[in-house]
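The opening position of the first sequence corresponds to residue 1449 in this note's numbering, with each subsequent residue numbered one higher.
Think of the CB as a built atom: it goes at the ideal place given N, C-alpha and C, for glycine as much as any other residue.
For reference, the structure is listed below as structure tokens.
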Amino acid sequence: MIIMSQQLEELGYTKKTCKTCGNDFWSIKDRDTCGDAPCDEYSFIGNPATRQKYDLFSIQDIFTRFFKERGHTPIRRYPVLAKRWRDDVFLVGASIYNFQPWVTSGLVEPPANPLVIAQPSIRLNDVDNVGRTGRHMTCFTMGGHHAFNSNENTVYWQDETVKYCHDFLAHIGIDPKEITFIESWWEGGGNAGPCYEICVRGVELATLVFIQSRILPGGEKEEIRLKIVDTGYGLERFAWISQGTPTAYDASFGPVIDHLMEMAGVEVDKNILAENAQVAGMMDIEDIADLKTLRKRVANRLGISIDELVQSTRPMEAIYIIADHTRCLGFMLADGVIPSNVKEGYLARLVLRRTIRFMKELGLQKSLSELMAIQMDFLSQTYPEIRNHQEHVLRVMDLEEKRYHKTISKGQQMVKKSINHLKKEKKDDMPLGMLIKLYDSHGIPPETVEELALKENFPVTIPDNFYTLVAQEHSEEPEEEEEAPLELNYPDTELLFYQNPQDREFQAQILGFYENGIILNQTLFYPEGGGQPSDIGYLEIRGERLKVSHAKKVGAVVLHQVKPKNIDNLKEGMSVKGQVDWQRRLALTRNHTSTHLIVAAARHILGDHIWQAGAQKGVNKSRIDLSHYKRVKPEELHQIEILANQWVMDNRKVTTTWMDRTEAEKTYGFVLYQGGVVPGSRIRVVQIPDVDVQACAGTHVRCTGDIGLVKINKTERIQDGVERLEFSAGKAAILSMQESETQLKDSAAVFKVTPAQLPKTADRFFNEWKAFKNDVKRLQGQVAALKKEGLSGKAEIMGGLKFIRKTVDAEMAEMIKIVTELVQKENIDIAVLGSPEGNIVGATSEKALERGVKINEIIKEAAGVLGGGGGGKPQLAQGAGKEGSKMPEALEFVGQAVRESLSRLL
RNA sequence: GGGCUGGUAGCUCAGUCGGUAGAGCGUUGCCUUCGCAAGGCAGAGGCCGCGGGUUCAAAUCCCGCCCAGUCCA
């Protein structure tokens, strides 16, 4: 262990070994155990560890102030939606997430150094324990003081960190004699380092991590340049230990819980809750089985039955869950998560639906948004930015609640249907496969199935490992092997298109080659990136023109791809003249700036929750994916289009500036990363005044007027919560409008009306067509009846059965009607009709069936005579062949076949 | 990103092995009634999500797309 312990000694701590778990720890007082559960039981419930009681917000305030007074700069919380600045995780799980990967890798300066932050963090891995253990939460506040130490700038390291922690605990009134520092090792996110876990009265309050190495793919550790002090103080636990409430929830969500209890009319036995939290504190609870054990132990200690325990704790658990989940949702939705069936949106929906389930269990007659409003009012006290999104969040909540109810009622039908099916098949238990399918495909949890099945008097058994079995159903997908990034050992290519965006030609020297790519010292070719395709064009070398089909960036080097055989004659040091395809570049540039305009316009029209979730620019058309909780209406689309074009007409100047990343974030906020995560320590900020500001490396027009025109062509729902807009810019926009105009005119010309009359006319024609179709059907029936009249008298008697075979000039549908009516209404036993086109149908009566006439087989063979095939049911069959002229032979065959099958039985 | 469902009359849904597209509710007319509720009889209402393919024949099988739902990472 590389921890320096001098500071602890100075503070009066000595090192000991825990007699229970064997871990090394430091303490002032003599003691045998390390201070963490289960070695030590909670000893603060009903007996606070501090004289002063702190609620969550005041401890947060004190924490920040304490470190500010000691040279730390307070930093505002980051959005919990981590994908705003990184693409490897969905949600922020700890304060250090805010500084990964740019700051922690040393590429970017931290926003301040040292700094202090109170960061709402979301961890959903043990969502099932929330409300039940007294300490688990989906969302907690991590207080962190961080220092980033490099060779040039050493801020502070282990000694200072330990002292800060010790001092802070003492500051709020915790007796240092009760503090233990447990030595441990931390690994996470590819980094590792020694750490201390700080415990008081059986509960872990904080972790002090000293990140100093990187874990290599092979598992070995490599020292990193930047040494980071990463501390995490569980602020809810500080509130808990200072108040001594039965659970951490009581201490953290105070007013919200009171409100909920009042609404639900719940009374609680605090002793039971306290005992429950106490026992839970000593357990590592991972699954339902652990929860059952917990219940059993608590019941034992209280001398009551498990049923009694559950009876009295369940309503309170539901309240805790609702309080916790609504807070988690408040942060998620306010920070821009849109509930969905994928990615972080799915996590939000999961939490949201759990909340509704527990509201139902509690019998709350309120809507989710009503509860949410209470929670948000509470949160807004400390996080005023939450209030700005309140209206949006509540709207989404209402929508989601409706969706959930729809899903549930659909599910109920589904379960009923499935059970009926099983009953029909005389099964007396629901197969596991059905249970899995109901959950996996239709979202009905097995518990719900069980509940519904009970009403139908149908037994359902749920295996304990149900969710594991579901997981097994999902076939493991092959892990994608990450290719080692290609590294080219050349100086960075100078990107001329940034300095001289209007230049079309340039001079350069060849520096080298890689495969079929040419490396130059400088270039005007924009390499593919940021959703913008690469430029194409020519390189002229000694009078020879080589076509550049693609340009891509490898590190900071641009590779110009040409045909491999063209490279053979080239040498390093040769000078070249480059020329980019200007029409293409211009089109791509227009499309790119248009993308910014449309996203900004959508934000204006639809709301601040709109973020770009992906984009692809093209020459003729481009697309952007927007986060939005419902379909974009046509009127809204028009408004977006008008606003975007208004900005085009305003001819606003587009400016680009290179800025330090942290500086840019401070100036503009995360809205910068609208277009996705941008790499590097310096970023290029593209700004359209009063419209949009984004970190973007693409090419842009000088003034919005250069775009000419933006036309949105269509929308598509690529997934729940993400709407895709397809649009064109510049000339392509005109072409696309002309194309739709042509389609419209052509369509109108079909009806010989003006485009304005088209909708009405098309509607009329469609309705008339339907009416005619029905008339035809009716008339066919009448014609069939008439033809039938003529036929019924012409039956021959064969083997005691009435038999008709005839050629008629009729269509298939008519013939089918005729034969069925002949059999059903005219007492004909066997009717076979053929048409000159080669269609043949036949029907038989019950009597004929009993006599063994299988008309489907006969027709099949008769159609074979016609050079085709056929078949059907024993009562009715049809077939056809291409050689209609052979119909007499076919009917002759039918006669023989019928005679044969009748005689066979006689 | 991957998996799994579903899309049939205004609504809720059946539709087996490819072989005449169905039920209930609603709706229209008539009968019954002093009137209403209810009942009886008769009828209207279907591009079987869209586009291809296979087949003598597709709501049904295959491929692609659109729309919706759901589970997982």
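TRP1550 sits in coil when the DSSP states are folded into three classes, being neither helix nor strand. Residue pairing by DSSP places CYS1587 opposite ILE1570 in a beta bridge.
The alpha-carbon of PRO1703 is positioned some 44 Å away from that of GLN2135. Contact between VAL2102 and HIS2148 is confirmed by a C-beta separation of about 5 Å, below the 8 Å threshold. Residue pairing for SER2351: DSSP places it in no beta bridge. With contact defined as three or more Cβ pairs closer than 8 Å, the stretch 1663–1673 and the stretch 1464–1475 are not in contact.
Taking 8 Å as the cut-off, the beta carbon of LEU2281 is found no closer than this to the beta carbon of MET2260.
Under the 8 Å Cβ criterion, the stretch 1564–1580 counts as touching the stretch 1771–1788, having at least three qualifying pairs. Contact annotation, SER2129 with LEU1555: C-beta distance approximately 5 Å; criterion of less than 8 Å satisfied.
If you look at THR2110, you'll find it in the alpha helix (DSSP H) that goes 2109–2116. Secondary structure remark: continuous beta strand (DSSP E) runs of at least 3 residues inside the stretch 2133–2161, in chain order: 2140–2143.
If you keep only unbroken beta strand (DSSP E) runs of at least 3 residues inside the stretch 1943–2018, you get 1953–1962, 1965–1968, 1985–1989, 1992–1996, 1998–2002, 2005–2009.
Cα atoms of LEU2249 and VAL2224: separation of roughly 34 Å, rounded to the nearest angstrom.
Taking a cut-off of 8 Å for Cβ pairs, the stretch 2264–2277 and the stretch 2231–2239 touch, as three or more such pairs fall below it.
Taking the C-beta atoms as reference points, SER1690 is found no nearer than 8 Å to GLN1823. Within the stretch 2227–2309, complete alpha helix (DSSP H) segments of at least 4 residues are found at 2260–2273, 2294–2298, given in chain order. The DSSP-derived three-state label of GLU2331 is coil.
In chain order, GLN1957, ILE1958 place their CB closer than 7 Å to the CB of GLY2021, counting only its own chain and leaving out the 5 sequence neighbours on each side. Beta-bridge partners of LYS1675 (DSSP): ASN1597. Straight-line spacing of the CA atoms in GLY1621 and GLU1652 works out to 16 Å. Taking C-beta separations shorter than 8 Å and ignoring five residues to either side along the sequence, the partners of GLN1955 in its chain run SER2023, VAL2024, LYS2025, GLY2026, following chain order. Annotation for VAL1556: no beta strand (DSSP E) segment contains it, and DSSP assigns it neither H nor E.
In the three-state scheme derived from DSSP, where H, G and I count as helix and E and B as strand, GLU1635 is classed as strand. ILE1523 has its alpha-carbon roughly 12 Å from the corresponding atom of ASP1509.
When the five nearest sequence neighbours on each side are left out, the beta carbons in the same chain lying within less than 6 Å of the beta carbon of ARG2172 are those of ARG2071, ASP2073, GLU2164, ILE2166, in order along the chain. DSSP places GLY1778 in the uninterrupted alpha helix (DSSP H) bounded by 1754–1782. Taking every protein chain shown into account, the CB of VAL1537 has fewer than 16 other CB atoms within 10 angstroms, so this residue is exposed. Looking at the backbone, the Cα of LEU1816 and that of LEU2227 are separated by about 58 Å.
The Cβ atoms of VAL2301 and LEU2350 sit closer than 8 Å to each other. Collapsing the DSSP output to three states places TYR1938 in coil.
The straight-line gap separating the alpha-carbon atoms of ILE2276 and ARG2079 is approximately 59 Å. A check of alpha carbon separations from VAL2119 across ARG2051, ILE2303, ASP1732, LYS1477 identifies ARG2051 as the nearest.
Unbroken beta strand (DSSP E) runs of no fewer than 3 residues, entirely contained in the stretch 1775–1837, are not found. When beta bridges are read from the DSSP output, ARG2051 appears opposite no residue.
A residue is called buried when at least 16 other Cβ atoms come within 10 angstroms of its Cβ; LEU1902 does not meet this threshold and is exposed.
One thing to note: PRO1694 has its Cβ within 8 Å of the Cβ of ALA1722.
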